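Chemist: Chains as they are written, first to last, in the working numbering: chain A, 1 to 237; chain B, 1001 to 1237.
Every residue gets a Cβ at the ideal spot worked out from N, C-alpha and C, and that includes glycine.
Just so we're clear, the structure is a prediction, and the values are computed from it rather than from any experiment.
Dropping the structure here:
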């Protein structure tokens, strides 16, 4: 039986895909899933993702750290924003975070009903690929995009996965092929390839070049965040 | 004032775009908009596009030729299918066609409310580009895709337009850049580039290799179908 990989380029296209038999990889390179990967690599205990800001803020009174971003900016009064460097903090070790972002946690919510939901980023690219290679499930990569619109950086990550898995998992439709072609064009200079992209321009205005370069660096960590009963935890065999 | 071009990769993402101030280019390379272009190049008078099959079939009694395709196949009992070669018929000159297809005419319906709707295909690529260059409107290319899913051939056409217009019209978001990158990779051998795409595989099973090669050939015709009061007509200055 040949396993397949498909790519949903926007959460607003999720109605076209059946997920009940699939491992869904949610990706929001700039920056939600890069932050989550970084957090687990630095010893966070759990992350509870929320689509709604109010639900996330309410977790403060339950002893959670709050991480809330809207439109690229940290929400006022919360503990953490959406820069991966904030999650390299020793004080967060063993703690729990309630997390909401403009796109990433919305995409997680839309993947509800999947056989399995894992978190992907360039930072844990090979770890994600190895996990998928060893799993028997078909794969759907869900790109978080920007408010429903398709973006380049999440598509490139999808393409990187398709490329890494090409000997094991077959593209199911046109979007994996498109993503793979784009990744192969971009892979030797992803920062350069992305410099005209809309979200990079948006973030550049927020002065976070360092975040962008870091989020595009493959294989910094070998953690695999996996969703179980509404909580993200690092996968352990 | 800089004009912009954006690309909607699927009709199911149309809710994300404002069209009231834009020229919308609807594209369904395989094969609806290629057929429409071919039909006008061979002297068809008007084409009335329909989203619903029954509405289209009802036009038979109003003296229209009927052209109906579902799932890549000609609907039984209608006059015309979805191969451009059927529209090169002398007997169709001056006639009117009621047209419905799985994807192309659905995309036209979703573009309702646009300032202007025109029909694009590789067959009239430069004519479309010249028209857009001379217009003052911003541009949205709407890719018909396949039942909501993004496809490669319509994306390549969008990329070809972005590339042709790069000195005059600025990409508005990431999708024009993605399409342009893909087109520049594919342009020297589009048939080869598309051979693994899902729709080409689907159509190959229907044995229409000749249609595919023709629909990917740029600049066969210089007609520009434009929608006015629900009717497609050739644009005349």
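Where does residue 1012 of chain B fall in DSSP's three states?
Modeler: helix
Chemist: Would you say residue 38 of chain A and residue 177 of chain A are within 8 Å of each other, going by their C-beta atoms?
Modeler: In this structure, residue 38 of chain A keeps its C-beta atom at 8 Å or more from the C-beta atom of residue 177 of chain A.
Chemist: Starting from residue 214 of chain A and walking both ways along the alpha helix (DSSP H), at which residues does that stretch end?
Modeler: 209–215
Chemist: From residue 92 of chain A to residue 42 of chain A, what does the alpha carbon distance come to, in whole angstroms?
Modeler: 8 Å
Chemist: Mind reading off the beta-carbon distance from residue 169 of chain A to residue 132 of chain A? Whole number of angstroms is fine, and I expect it under 8 Å.
Modeler: 7 Å
Chemist: Might you give, ordered along the chain, the residues of its own chain that have their beta carbon closer than 6 Å to the beta carbon of residue 222 of chain A, omitting 5 neighbours on each side?
Modeler: Exclusion of the five residues before and after residue 222 of chain A leaves 127 as the residues of its chain whose Cβ lies within less than 6 Å of its Cβ.
Chemist: Is residue 1239 of chain B helix, strand or coil by DSSP?
Modeler: Shown here, chain B extends from 1001 to 1237; a query on residue 1239 of chain B therefore has no answer.
Chemist: Can you pull out the residues from the stretch 1143–1158 of chain B whose beta carbon lies closer than 7 Å to at least one beta carbon of chain A?
Modeler: 1148, 1149, 1150, 1151, 1152, 1155
Chemist: Answer yes or no: the CB of residue 1232 of chain B versus the heavy atoms of the ligand MN, is any distance below 7 Å?
Modeler: The ligand content of the structure shown is nil, which means the ligand MN is not present either.
Chemist: Listing by chain order, which chain B residues have their CB less than 7 Å from the CB of residue 175 of chain A?
Modeler: 1150
Chemist: Can you pull the chain A residues whose beta carbon is under 8 Å from the beta carbon of residue 1012 of chain B, in chain order?
Modeler: 12, 13, 15, 16
Chemist: Measuring straight from C-alpha to C-alpha, what distance separates residue 1085 of chain B and residue 71 of chain A?
Modeler: 50 Å
Chemist: Residue 138 of chain A and residue 198 of chain A - do their beta-carbons sit closer together than 8 Å?
Modeler: no
Chemist: What are the start and end residues of the alpha helix (DSSP H) that includes residue 184 of chain A?
Modeler: 174–186
Chemist: Is the Cβ-Cβ distance between residue 1104 of chain B and residue 1026 of chain B less than 8 Å?
Modeler: Yes, Cβ-Cβ distance for residue 1104 of chain B and residue 1026 of chain B is below 8 Å.
Chemist: For chain A, check one thing: does any of its Cβ atoms lie closer than 8 Å to the Cβ of residue 1185 of chain B?
Modeler: yes
Chemist: Are residue 1053 of chain B and residue 1145 of chain B touching if we call contact CB-CB under 8 Å?
Modeler: no
Chemist: In chain B, what lies closer than 8 Å to residue 178 of chain A by C-beta?
Modeler: Within 8 Å Cβ-Cβ: 1150, 1152, 1155, 1178, 1182.
Chemist: Considering Cα atoms alone, identify which of B:1049, B:1001, B:1083 is closest to residue 1030 of chain B.
Modeler: Considering only alpha carbons, the answer is B:1083.
Chemist: Are three or more beta carbon pairs between the stretch 1212–1221 of chain B and the stretch 208–228 of chain A nearer than 8 Å?
Modeler: Flag = no, the stretch 1212–1221 of chain B and the stretch 208–228 of chain A do not touch.
Chemist: Taking a contact to mean a Cβ-Cβ separation below 8 Å, would you say residue 1148 of chain B touches residue 1012 of chain B in this structure?
Modeler: yes
Chemist: Once DSSP output is grouped into helix, strand and coil, what is the label at residue 1233 of chain B?
Modeler: strand
Chemist: What span of residues does the beta strand (DSSP E) with residue 98 of chain A cover, start to end?
Modeler: 96–100
Chemist: Count the other CB atoms within 10 Å of the CB of residue 44 of chain A; is the residue buried (16 or more) or exposed (fewer)?
Modeler: buried
Chemist: Show which residues of chain A have a CB atom less than 8 Å away from the CB atom of residue 1196 of chain B.
Modeler: 171, 177
Chemist: Could you give the DSSP three-state label for residue 1148 of chain B: helix, strand or coil?
Modeler: coil
Chemist: Checking contacts by CB at 8 Å: is residue 1009 of chain B closer than that to chain A?
Modeler: yes
Chemist: Spatial neighbours of residue 171 of chain A within its chain, please: C-beta separation below 8 Å, excluding the five flanking residues on both sides.
Modeler: 4, 5, 6, 162, 177, 180
Chemist: Relative to the C-alpha of residue 35 of chain A, which candidate in A:142, A:99, A:75, A:154 has its C-alpha closest?
Modeler: A:99
Chemist: Please tell me whether residue 66 of chain A and residue 135 of chain A are closer than 8 Å, where the distance is taken between their beta carbons.
Modeler: no
Chemist: Which one of A:108, A:202, A:195 has the shortest CA to CA distance from residue 33 of chain A?
Modeler: Residue A:108 is the option with its Cα nearest to residue 33 of chain A.
Chemist: Could you check if residue 1154 of chain B is buried or exposed, using at least 16 other CB atoms within 10 Å of its CB as the buried criterion?
Modeler: Here residue 1154 of chain B is buried: its Cβ has 16 or more other Cβ atoms, across all protein chains shown, within 10 Å.
Chemist: Look up residue 1038 of chain B in the DSSP assignment and say whether it is helix, strand or coil.
Modeler: Annotated three-state conformation of residue 1038 of chain B is helix, per DSSP.
Chemist: Which stretch, first to last residue, makes up the beta strand (DSSP E) that contains residue 141 of chain A?
Modeler: 138–143
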